Structures are given as structure tokens and as C-alpha cells.
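Residue numbers (my numbering): 0 to 180.
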């Protein structure tokens with residue numbers, strides 16, 4: 000196993016105390032490897048904890064659609080770490096194991112759209128369009144706005160944009176699943 004270019008901060012990191020406590024609180028008392036990498040920069044870790052914490056915990060958007068989009072971004076960008084962390088909340092929000100397996104095919108011609116309801120299909124399509132092509136079909140956006148309303152549509156777009164940032168950070172810094180630290 001090769002040495003990491005940028006090592007993770009230690010699991011028992013204590014400073015800066017307020018930030019470490021806030022991250023641990025959001026994570027249920029512990030760090031994950033993403034946190035340990037972010038903590039190389041206090042301003043980045045502070046902003047990330049606040050912004051991503053808000054996206055994870057304070058949106059009106061359905062948790063199932065939120066996690067579907069996060070899993071979709073992970074697959075499209077090849078961010079396995081992200082997928083591992085978001086497939087369980089997708090299941091907890093009502094996603095099935097068949098849907099989790101299907102999400103691994105997002106972006107492929109054989110993606111089984113029929114396993115998802117219409118708003119989930121549109122969420123998958125939006126995730127694909129925003130992640131791979133940047134530009135989004137205005138008819139798709141109109142359908143989402145009609146079903147979700149303004150707030151949840153803005154939140155869905157924000158989730159996809161934010162988790163594209165997350166996956167790019169994870170991949171560039173080779174953040175690995177916790178059991179492989």
C-alpha cells in the first residue's frame with residue numbers, strides 16, 4: 000500500500016476544539032475520513048460543516064430524492080466513498096435494494112428508469128444532466144418545478160451541485176472508505 004500524499008488528520012484530533020466538537024456532533028460523535036481530510040484547512044472545514052450540514056439536515060426536499068441525487072452524483076463521478084455513505088440513508092428514506100443496485104447504472108443505456116416513479120425519474124435525469132452536461136433541459140426543470148414547487152426544486156439543484164463538489168474533493172484527494180484508512 001502506498002503512502003498517502005496528504006495524510007488524514009488523526010482520529011483523536013482535539014483542536015480547534017469548537018470545530019472538532021461541531022463536526023463530531025453532526026456525525027454522532029466521530030469523524031469520517033472526509034472530515035479528517037477537510038480539517039487540514041479550518042476555514043474549509045467550518046464552511047463545509049455548515050453548508051453540507053444544512054443540505055443534509057435542514058431542507059424541505061424529500062430525503063429520498065435528496066439521497067437519490069447524492070447516490071446518482073457519486074455513480075456518475077466514480078466517487079465510491081460518496082455512494083457508500085449515501086446508499087444507506089437512501090434505503091432509510093424508502094429506497095429499495097433493487098433501486099440502490101439500479102442507481103449504479105445511472106448514465107448507462109440500460110439504466111432501469113421503470114424502477115422509479117416519475118419524480119424520481121426526473122431527479123435521476125436532472126442529476127445526469129447537471130453532472131455530465133451542465134445544461135439542463137428546460138422542460139425537465141418545468142416538470143420538477145410543477146411537482147416540487149420552487150423551494151424544493153432549488154434545493155434539489157443545490158444538492159446535486161454540492162455533491163458534485165463533494166465527489167470532486169473525494170476523488171482528487173483519494174479519500175477512501177473508513178475500513179481502508
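Yeah, the Cβ is synthetic: ideal placement off N, Cα and C, and Gly gets one too. As the structure is a computational prediction, the values presented were derived from the model and not from experiment.
Residue i to residue j span [Cα, whole Å]
i	j	result
residue 150	residue 2	45 Å
residue 148	residue 164	25 Å
residue 91	residue 161	21 Å
residue 129	residue 102	16 Å
residue 45	residue 113	40 Å
residue 40	residue 142	40 Å
Minimum C-alpha distance to residue i - residue among the options
i	options	result
residue 37	53, 54, 12	12
residue 173	33, 109, 26	33
residue 157	145, 69, 8, 25	69
residue 18	93, 35, 129, 75	35
residue 63	74, 122, 81	122
Boundaries (first-last residue) of the alpha helix (DSSP H) holding residue i
i	result
residue 93	Per DSSP, residue 93 belongs to no alpha helix (DSSP H) and is neither H nor E.
residue 76	62 to 76
residue 185	Missing from the structure shown is residue 185; the chain here goes from 0 to 180 and no further.
residue 55	41 to 56
residue 126	117 to 127
Residue i in three-state terms, based on DSSP
i	result
residue 175	coil
residue 7	coil
residue 29	coil
residue 79	helix
residue 108	coil
residue 103	coil
residue 12	coil
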